[in-house]
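Protein chains in written order, with my numbering: chain B, 486 to 728; chain R, 7 to 577.
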C-alpha cells in the first residue's frame, strides 16, 4: 500500500508549525534517549528546531517516572536472559516494551510555539496513529481513561511523554510486527489484563515498516497541520562534519 | 517577590494531576530553570521549573496536585516570607507534614522546626547562595551527534545502516616514532617484543627479518615490572641525547612504536570510551608485564628516580596486575654495583643502559657501552608483477551471521561488520597454511578513501574469538598505508559498490586480498533458480615469496571460511 505524500493533498499548515523528521533506523534505546534529552534541553533554551525522531529500538523495557518498579509477569532475571534491559525514563505512564518491528515516534516539540496544549498534543499523537491504522483498514480508537490506541479492546499503540518548559520528549510506539511474545514478559502499562496486538496481526499479512513510517509522517502533518521536512541523516552528518 | 511554581494548564478534560516526585526538598536552594517537581497526568509527566533563584518552599506535598493555576511551591528570595495561605487552609500546612521523598538530601521539616527555619530564612542578613555545582556531565550530556561538533557517536550506532563506513578523524598520528629505539640494546628490543606469542604488533627483526621467536628472550631477572603508572611517567628517562643516536630512517617502523606505546594506546582508547583493544586483555593476562617503560620517551633520568622505579618494581606483584591500558614499565635491571641502597651517584648522572653480562663492578668503572644498534633495514622489495587469483564467494551466511551477532552483542554496544568477519577469515586462512603462517601474525584492513588509504592492523586475529576482532576494529586507529606494516591486507570495496579490483601489494607485503561489494546473482538449484548474494575475492601475491600452490590453497580456504563463517566464531 502506498501513501500519497503529495503536498497538494495536505491541509494548509498552521503558521509556524514545522517539524524536522529524522528516520534513525534501528537503534539502541539509550542512544536515542540521550539524543532526546539533548534536543529537549536545547529547545527549552530557545535553540534547535522542532523534531520528530522515528526509529525502531532493539529490545528494551522502559519504565515511567511514576513507576520505578517494573511490573513484570516473570522474574526479572528471565527478562535479562532474553537480553532485554530495563531502563528508567522520565516519561509518564507505566512499563512498556520496545523492539524491532515497532515504530517509535518521539516528538521534541515546543508546544508554546505551536500554540498547542499538552492534552491536545497527546490526543494528536493518538489521532495520528488512528489515521495510519485506517490506511491499512484497521479501526483504531481512543479509550477514555486509558491512553494509547486500541483496536477492539486490544492495545496497538502505547504512549508516554515528558514535558518540561512546554517542550515535549518521548512519544508513541506503534506495533507494526514486533515479537509479540516479548509483551508477555510485562503487564503493559501496568494493566494485567491488557492484550497487545499489532498491525500485522490485525491485517493478517506483513506490513512494510517504511510504508507505515511514511504514513505516520503524513498523518502527523495532517493532524497537527504542520509541515514536515525529512532530513537525510547521512547528508546532515556529512554536512556537519565538514562544517 | 516570592515566585510561585504553578500547576500548568494541561488541556480540557485532562486526568487529575498528581505530584509524583519532588526533585528538591523543602528549604533547598534552587536556580531559575531547575525542575523542582514532577506532575503526572495520564501518561504525561511534566517537570515544573523554578522561575527564579531562591529557596524552594513546598506549598503542597506528594499526591493530588492543586487546581490549574494554583501554586505547588514558592521560590523565595532572601528575606521573603511565604505568602499567607487562604483562610480556610490555615491549619497545618500539608506541605510540611508530608514526609520528604526518599531521595531528598535535607531532612523533613517538622512543624516545630518550621518557625525556626522560617526565621532563618527571613533573617535580615542576606543568605548567600551556596555554589551549586553544575550537574555532572553524565552520559545524558554526551555530545549530540546532530548538533555538536564532537565526533558523532550516532555514526557507530547506525554503522550497519549507513553505506559508508566512516573513519575517525586523525589529525596527527596516534603513535610517534621513537628514533632512540633503534639504538636500544638487544635486551631492550627483546623486552619490547616478548609478548608470549601475542605480539601487540608485528615486529620483525630489522636486521634479519626473522620472526619473533627467533629472537633471544631476555633472562627473566633482566625484566622487572614497574607498576605504578604515575611514578613511571614521573620518572625521567635516560638522557638519550647523550648517546650517539643514529639518524632515524625516513620511513619509521610504526609497528615497533606500537609495541612501545601499547599501554598508551589502550589508555587512549579507554579515555575515548572505546573498548580496550584485544591485546590489552592479553597484556593484562600475561604474568609479568612486558612492555618498555613509558618513561623511555622522557628527557632525562637520575639515579634517584631510577631507584624509585626499582622500589616500585619490588612492590609489584602478580595480584596487582595493571589495568588494561595502564602504562606499565619494564626496564633492564643491572646489578647494584655497591649494595642495596648504597649507590651514591651524582643526581646529574644520567642513567645508561648497560650490557647485562658486562655490568660494571662499581659505578666508578663504567661498563663497556653496548654498540648502538644501527637500524638499517633492507629496502622492501617492490614486486613488479604480482600474480592474481579470483574466486566468487557466497556471502549469504556471513551476512546472516553478522546480523545475528549484531543482535546478540547489541547490549554491549559491539556491532560487527562483514569486514570483521573477512579479516578473521583472512587470518585464519593464512594460519591454516604452513607456508603462509607467519603472515597471519598481523593482518591489515585497508580503507580506501579519496583523501588517502588507511590501514587498521590486527594482531593475532586468528586467535581468540571473532568478537576480539570486532572490538579491536573499534579500538585500533587507522594508520596511513605507508606506515602500516602487516603480513597481509584486506581491502574492502563495499563502500564504493565495486565488484572487483586487484588489491595493491604494498612493499614488503607478500599477500593482499580485496573483497568486492556484495551483489545478487541468480544461481541454479535442483529445485529452480535462486538469488544469492555473492562477492568476488581477489588475491594478489608475490610469486617470489608465496608458492603458487600455497596461494591457491589459501584462497580456497578463505572462500570456505567465508561461506561457513560459523567456524570463525572461536579459534
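Every residue, glycine too, gets a C-beta built ideally from N, C-alpha and C. Since the model is a prediction, treat every value here as computed from it, not as a measurement.
Item, Value
"In terms of alpha-carbon separation, which member of B:630, B:674, B:656 and B:621 lies closest to residue 684 (chain B)?", "B:621"
"Would you call the CB atoms of residue 412 (chain R) and residue 567 (chain R) closer than 7 angstroms?", "no"
"Note down the Cα distance separating residue 655 (chain B) from residue 600 (chain B), rounded to an integer number of angstroms.", "19 angstroms"
"Can you list, in chain order, the residues of its chain with a C-beta nearer than 7 angstroms to that of residue 494 (chain B)? Leave out the 5 residues immediately preceding and following it.", "Bear in mind that a pLDDT of 41 at residue 494 (chain B), under 50, signals an unreliable position, so the model cannot answer this."
"Just tell me which of B:640, B:692 and B:525 has its CA closest to the CA of residue 668 (chain B).", "B:640"
"At least one CB of chain B closer than 7 angstroms to the CB of residue 116 (chain R): is that the case?", "With a pLDDT of only 47 at residue 116 (chain R), under the threshold of 50, the placement of this residue in the model should not be trusted; the figure read from the coordinates follows. It does not: the Cβ of residue 116 (chain R) has no partner Cβ on chain B nearer than 7 angstroms."
"Around the C-beta of residue 659 (chain B), are 16 or more other C-beta atoms found within 10 angstroms, so that it is buried, or is it exposed?", "buried"
"Assuming contact is defined by CB atoms lying nearer than 7 angstroms, are residue 605 (chain B) and residue 17 (chain R) in contact in what I supplied?", "yes"
"Going by DSSP in three states, residue 331 (chain R) sits in which element: helix, strand or coil?", "The predicted model places residue 331 (chain R) with a pLDDT of 46, which falls under 50 and marks its position as unreliable, so this point remains unresolved."
"Kindly list, in the order they appear in chain B, the residues whose Cβ is closer than 7 angstroms to that of residue 41 (chain R).", "649"
"Answer yes or no: do residue 475 (chain R) and residue 467 (chain R) have a C-beta to C-beta separation smaller than 7 angstroms?", "yes"
"Measure the beta-carbon distance from residue 572 (chain B) to residue 547 (chain B) and round it to whole angstroms, keeping in mind my assumption that it falls under 8 angstroms.", "5 angstroms"
"For chain B, find out if any of its Cβ atoms is closer than 7 angstroms to the Cβ of residue 44 (chain R); answer yes or no.", "yes"
"Chain B beta carbons: is any one of them nearer than 7 angstroms to that of residue 55 (chain R)?", "yes"
"When the Cα of residue 56 (chain R) is compared with those of R:47, R:73 and R:80, which residue comes out closest?", "R:80"
"Tell me, please, whether the region 687 to 702 of chain B touches the region 620 to 639 of chain B by the rule of three or more beta-carbon pairs shorter than 8 angstroms.", "yes"
"Span of the alpha helix (DSSP H) holding residue 427 (chain R)?", "424 to 437"
"Between residue 644 (chain B) and chain R, is any beta-carbon pair separated by less than 7 angstroms?", "yes"
"Please determine, among R:43, R:47 and R:59, the residue with the shortest C-alpha to C-alpha distance to residue 53 (chain R).", "R:43"
"Quick one: which chain B residues come within Cβ less than 7 angstroms of residue 15 (chain R)?", "602"
"Taking only beta-carbon atoms, is residue 607 (chain B) less than 7 angstroms away from chain R?", "yes"
"Considering only residues of the region 13 to 77 of chain R, which uninterrupted beta strand (DSSP E) runs meet the minimum length of 3 residues and lie entirely inside it, listed in chain order?", "24 to 28, 41 to 47, 50 to 55 and 60 to 64"
"Thinking just about the alpha-carbon of each residue, which of B:715, B:722, B:702 and B:559 is nearest to the one in residue 589 (chain B)?", "B:702"
"Does residue 576 (chain R) have its Cβ less than 7 angstroms from a Cβ in chain B?", "no"
"Out of curiosity, what's the CA-to-CA distance linking residue 722 (chain B) and residue 515 (chain R)?", "36 angstroms"
"Could you compute how far the alpha carbon of residue 673 (chain B) sits from the alpha carbon of residue 508 (chain B)?", "26 angstroms"
"Does the distance from the C-beta atom of residue 450 (chain R) to that of residue 495 (chain R) stay below 7 angstroms?", "yes"
"Assuming the contact rule is C-beta atoms closer than 8 angstroms, residue 586 (chain B) and residue 708 (chain B) should be a hit. Round their C-beta distance to whole Å, please.", "Rounded, the Cβ-Cβ distance is 24 angstroms, inconsistent with contact."
"Which class does residue 391 (chain R) belong to by DSSP, given the choice of helix, strand or coil?", "coil"
"For residue 594 (chain R), is the classification buried or exposed, using 16 other Cβ atoms within 10 angstroms of its Cβ as the cut-off for buried?", "With chain R covering 7 to 577 only, the question about residue 594 (chain R) has no answer from this structure."
"According to a CB-to-CB cut-off of less than 9 angstroms, which residues of the region 654 to 688 of chain B neighbour chain R?", "655 and 674"
"Is residue 642 (chain B) near residue 633 (chain B), with beta carbons less than 7 angstroms apart?", "yes"
"I'd like to check one pair, residue 77 (chain R) with residue 8 (chain R): are the Cβ atoms closer than 7 angstroms?", "no"
"Which residue from R:547, R:424 and R:502 puts its Cα closest to that of residue 406 (chain R)?", "R:424"
"With a threshold of 16 other CB atoms inside 10 Å of the CB of residue 705 (chain B), please say whether the residue is buried or exposed.", "buried"
"Could you name the residues of the region 573 to 605 of chain B whose beta carbon sits closer than 7 angstroms to any beta carbon of chain R, in the order they occur along the chain?", "575, 576, 577, 578, 602, 603, 604 and 605"
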